[in-house]
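Residue numbers (this note's numbering), protein chains in the order written: chain L, 67 to 485; chain Y, 2 to 163.
Even glycine gets a Cβ: it sits at the ideal position worked out from N, Cα and C.
Remember, predicted model here, so these are calculated numbers, not experimental data.
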Amino acid sequence: MAMTMTQKILAAHAGLEEVTAGQLIMADLDGVLGNDITTPVAIQEFEKAGFDSVYNKEKINVVLDHFVPNKDIKAAKQSKTCRDFCHKHSIKNFFDVGKMGIEHALLPEQGIVTAGDCIIGADSHTCTYGALGAFSTGVGSTDMAAGMATGKAWFKVPEAIQVVLKGKLSPFVSGKDVILHLIGLIGVDGALYRSLEFCGEGISSLSMDDRLCICNMAIEAGAKNGIFPVDDITIQYMEGRSQRPWKVYEADDDASYVKTIEIDLSSLEPTVSYPHLPENTHLAKEGKNIKIDQVVIGSCTNGRLEDMEAAYQILHGKKVAPDVRVIIIPATMAIYKECLRRGYTESFIDAGCVVSTPTCGPCLGGHMGILAENERCVSTTNRNFVGRMGDISSEVYLASPYTAAASALTGTITDPREV
Amino acid sequence: MENAKGTVFKYKDNVDTDVIIPARYLNTANAKELASHCMEDIDTSFVQKVKSGDIMVAGWNFGCGSSREHAPLAIKTCGISVVIAKSFARIFYRNAINIGLPILECEEAADQIQAGDEVTVDFNTGIITDLTQNKEWQAQPFPPFIQNIIDKGGLMASLKEK
Chain L
67 MAMTMTQKIL
77 AAHAGLEEVT
87 AGQLIMADLD
97 GVLGNDITTP
107 VAIQEFEKAG
117 FDSVYNKEKI
127 NVVLDHFVPN
137 KDIKAAKQSK
147 TCRDFCHKHS
157 IKNFFDVGKM
167 GIEHALLPEQ
177 GIVTAGDCII
187 GADSHTCTYG
197 ALGAFSTGVG
207 STDMAAGMAT
217 GKAWFKVPEA
227 IQVVLKGKLS
237 PFVSGKDVIL
247 HLIGLIGVDG
257 ALYRSLEFCG
267 EGISSLSMDD
277 RLCICNMAIE
287 AGAKNGIFPV
297 DDITIQYMEG
307 RSQRPWKVYE
317 ADDDASYVKT
327 IEIDLSSLEP
337 TVSYPHLPEN
347 THLAKEGKNI
357 KIDQVVIGSC
367 TNGRLEDMEA
377 AYQILHGKKV
387 APDVRVIIIP
397 ATMAIYKECL
407 RRGYTESFID
417 AGCVVSTPTC
427 GPCLGGHMGI
437 LAENERCVST
447 TNRNFVGRMG
457 DISSEVYLAS
467 PYTAAASALT
477 GTITDPREV
Chain Y
2 MENAKGTVFK
12 YKDNVDTDVI
22 IPARYLNTAN
32 AKELASHCME
42 DIDTSFVQKV
52 KSGDIMVAGW
62 NFGCGSSREH
72 APLAIKTCGI
82 SVVIAKSFAR
92 IFYRNAINIG
102 LPILECEEAA
112 DQIQAGDEVT
122 VDFNTGIITD
132 LTQNKEWQAQ
142 PFPPFIQNII
152 DKGGLMASLK
162 EK
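Listed below in C-alpha cells is the structure:
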C-alpha cells in the first residue's frame, strides 16, 4: 500500500509496516514540547494522575516564550511552575529568559528537532518542523502530560493534500505570501484533519526560513501538519546543527492524495490577510486606503534571520511614518545577536522602531504591543481573529516582513515593490 | 454517560479559541477564572445567561486556532454539557475528548437548531432531539478507540489504568 511522507513517518513510529488514512495508532515520540501557557496545565494533569517521573528527560522541551520576560504576577507564577518542574525532573531542554527564543524558531535552530522525527507540542504552531521533513503537530496540555509520562501519543493517520510548487518566487515575495495565498485558496478549514504535503521543483528555490514559515501556518488551514521533502537545502541546514542523526522519509510515487493543488510561485504577489480570518486574502497593492497604527515584525511565523534581513532591506536609511509604532522582535537570542552584529538593530532604531528581546507577546495580545479600540496593525504573525491583539474592535492584517516594513514607512498597507 | 438536556446557545462558523477564551486571561490555569471570561469577545451576555446543562451549537471548524486546552475547559466549567457543531478544529477535538467535554458532529442538527431551543442528546445512541421544534437527528458516533478514552474518564485516567 503506497503511503504519503507523513504516513511513512507515522508507520515507523508506530512500529508498523504500513498505515492507512483513518487508522488510529499509538506512536513513539522523539520530542514533547510545551510553553509557559500550556505547560502549567500539563503539569497539573501529570501530577493529578499520579505520575512521578518523565519518560525521558532529554526529549521533553519546555520553552518560556509567551508572557516573558514575565508580564505580570500571574505570568511569573506560571513561569515558576514550569521552572520548578523542569528542575525537579532534570529536564535538559528547559529554556528560560536569556536562553529562550520563540519555541518554533528555537527548536529547529538548536537542532533539537530533525528530519524523520515524530513530535508533539502543546502549541498549535508545532507543525512548523515539517519544514525539516519531520512529522510534528500541535496538541493540548493533556496530550503533553501523557507524552511526558509515556513518550507516546495517539493519532488518527491523516489523509493528505498535495501542494505542487513550481517556478520561483519574485523579489519581495516570500514564504509568507505562499502560505497566505494557499490559505486564501482552500480556506481556514480547507485541510482540516489532513496533512499538507509540499512537493515539486519549486521547493528548491525556497529557503529553510521560507519553508518553516509555510509549515508554521499549515494549522491556519486546519491541517494536522505541513511537510516538505528533505533535499540538499534541508541537509545543509541540519549539518552541524542536528543533535541527533536524522532519517529521510519519502512519499511513495503512487501515494494517494484527496486533492492536488498547483501553485506557480512566480505568479504570486505580496499578499495580506484582512480581518478576521487568515483566509481573507487580498493583494498588498490593493490596500493603499487602509491606514494603520502599528506594525509588528516577529513571531514563530516570521521572526527568523531572513525576516529581519527583509525588514532591514526595506527600513535601512528610512524613517517609519510618524503615526505608526513599529515593534520588531527577533525570535531567538541567536537571531537577536546576529541582528546586532549585522547592524540591523541600529538601523531599525534609527528608522524609529523598537526592538524587543524574543517573546510571542503581541501576536496573541499578551503584552508588548496591545491594540486600543479601532486600531489597526499590519503584523507578520499568524492569526487575525477578533480581539487577537487587543481590543475586540481592533484589526490585524497578516503580511510578510517585506510588506509589514513597507507599510511601516507609508502608514498604509503597502506593496513592498513600491517603496 | 448521562443524557444532556439544556437550552441552546448558537454561534456561527470558525468560532476560534481566541474568542472562546482570550489570551489576555491565559496567565491563569484556574478553570473557574477562565470560565468567567468564556465567549466574552463575541457574546458578552453568555457567562451571565448560561446554566448548568446548557448546550452550545455552532457551524464549521469550531475551536480553530490555538492549542489552548483552556478553551474546552472554560466551556465545560461554564456548565455546557455538549457542543454540537458541523465540524471541529482538530486540536480542539482532541482536547475536548482528553478533558471530557462531550462534542458531536452533526451538520443537519447544527443547521436547524435555533438559539434558545430546548435540546436533549442521548450519548449512547448519538441521537439529538430538539424538543422545541420536535425534530431529531443522528450524530456521528465516536470510533471505539476514542469512546474507550471517554469511558475511562479522559486520557490521563485511561493511561493510569494500563
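If I'm right that residue i touches residue j with Cβ under 8 Å, what's the distance once you round it to whole angstroms?
i: Y:I129; j: Y:L156; result: With a Cβ gap of about 25 Å, Y:I129 and Y:L156 do not count as contacting.
i: L:T411; j: L:V421; result: 5 Å
i: L:V179; j: L:L198; result: 6 Å
i: L:P344; j: L:L235; result: Not confirmed; about 20 Å, so no contact.
i: Y:M22; j: Y:A75; result: Going by the sequence as given, residue 22 of chain Y is Ile instead of Met. With 8 Å as the limit, Y:I22 and Y:A75 qualify as a contact, their Cβ atoms being about 5 Å apart.
i: L:T347; j: L:T337; result: 5 Å
Can you give the Cα-Cα distance for residue i and residue j, rounded to whole angstroms?
i: L:G250; j: Y:D19; result: 20 Å
i: L:E113; j: L:G306; result: 37 Å
i: Y:N149; j: L:F451; result: 35 Å
i: Y:V83; j: L:E372; result: 45 Å
i: L:V392; j: L:K351; result: 20 Å
i: L:I75; j: L:W312; result: 12 Å
i: L:L248; j: Y:A110; result: 31 Å
i: L:N159; j: L:C152; result: 9 Å
i: L:D330; j: L:D481; result: 20 Å
i: Y:K50; j: Y:V122; result: 21 Å
i: L:D297; j: L:G268; result: 12 Å
i: L:A68; j: L:V223; result: 14 Å
i: L:Y323; j: L:E225; result: 7 Å
i: L:L246; j: L:G292; result: 14 Å
Using the Cβ count rule (16 or more neighbours within 10 Å means buried), how would you classify residue i?
i: Y:A116; result: exposed
i: L:N127; result: buried
i: Y:S88; result: buried
i: L:Q302; result: exposed
i: Y:N31; result: exposed
i: L:I139; result: exposed
i: L:Q144; result: buried
i: L:R407; result: exposed
i: Y:S46; result: exposed
i: L:S270; result: exposed
i: L:G88; result: exposed
i: L:I415; result: exposed
i: L:M455; result: buried
i: Y:L132; result: exposed
i: L:L82; result: exposed
i: L:A438; result: exposed
i: Y:V120; result: buried
i: L:T194; result: buried
For residue i, decide whether its Cβ has a neighbour in chain L, counting only Cβ atoms nearer than 8 Å.
i: Y:M57; result: no
i: Y:E119; result: no
i: Y:A140; result: no
i: Y:F47; result: no
i: Y:F10; result: no
i: Y:L27; result: yes
i: Y:N62; result: yes
i: Y:P103; result: no
i: Y:K161; result: yes
i: Y:L132; result: no
i: Y:I100; result: yes
So with Cβ pairs under 8 Å, would you call residue i a contact of chain Y?
i: L:P106; result: yes
i: L:F201; result: no
i: L:L95; result: no
i: L:S207; result: yes
i: L:T216; result: yes
i: L:S422; result: no
i: L:I126; result: no
i: L:Q73; result: no
i: L:F451; result: yes
i: L:R454; result: yes
i: L:F133; result: yes
i: L:K110; result: Position check: residue 110 of chain L holds Gln in this sequence, whereas Lys was assumed. Output row for L:Q110: interface = yes.
i: L:L90; result: yes
i: L:A284; result: no
i: L:K290; result: yes
Going by the C-beta, is residue i closer than 7 Å to any heavy atom of the ligand ADP?
i: L:Q89; result: In terms of ligand content, the structure shown is empty, and the ligand ADP therefore cannot be addressed.
As an exercise, report each continuous beta strand (DSSP E) stretch of at least 3 residues that is fully enclosed by the segment 122 to 146 of chain Y, in chain order. Counting only runs of 3 or more residues that sit fully inside the segment 122 to 146 of chain Y, the beta strand (DSSP E) segments are 128 to 131 and 136 to 139, in chain order.
What beta strand (DSSP E) runs, 3 residues minimum, are completely inside the segment 117 to 189 of chain L? With a minimum length of 3 residues, the continuous beta strand (DSSP E) runs that stay inside the segment 117 to 189 of chain L are 126 to 129, 159 to 161 and 184 to 187.
Whole beta strand (DSSP E) elements within the segment 279 to 351 of chain L, 3-residue minimum: The segment 279 to 351 of chain L is shown to contain whole beta strand (DSSP E) runs of 3 or more residues at 291 to 293, 325 to 330, 337 to 339 and 347 to 349, in chain order.
Suppose only complete runs of 4+ residues qualify. What are the alpha helix (DSSP H) ranges in the segment 57 to 92 of chain Y, listed by chain order? List check, alpha helix (DSSP H) in window: 71 to 79.
Length-filtered (4 minimum) alpha helix (DSSP H) runs lying within the segment 97 to 121 of chain Y: You should have 108 to 113.
Tell me the start and end of each unbroken alpha helix (DSSP H) in the segment 229 to 274 of chain L that is at least 4 residues and wholly inside, in chain order. With a minimum length of 4 residues, the continuous alpha helix (DSSP H) runs that stay inside the segment 229 to 274 of chain L are 241 to 252.
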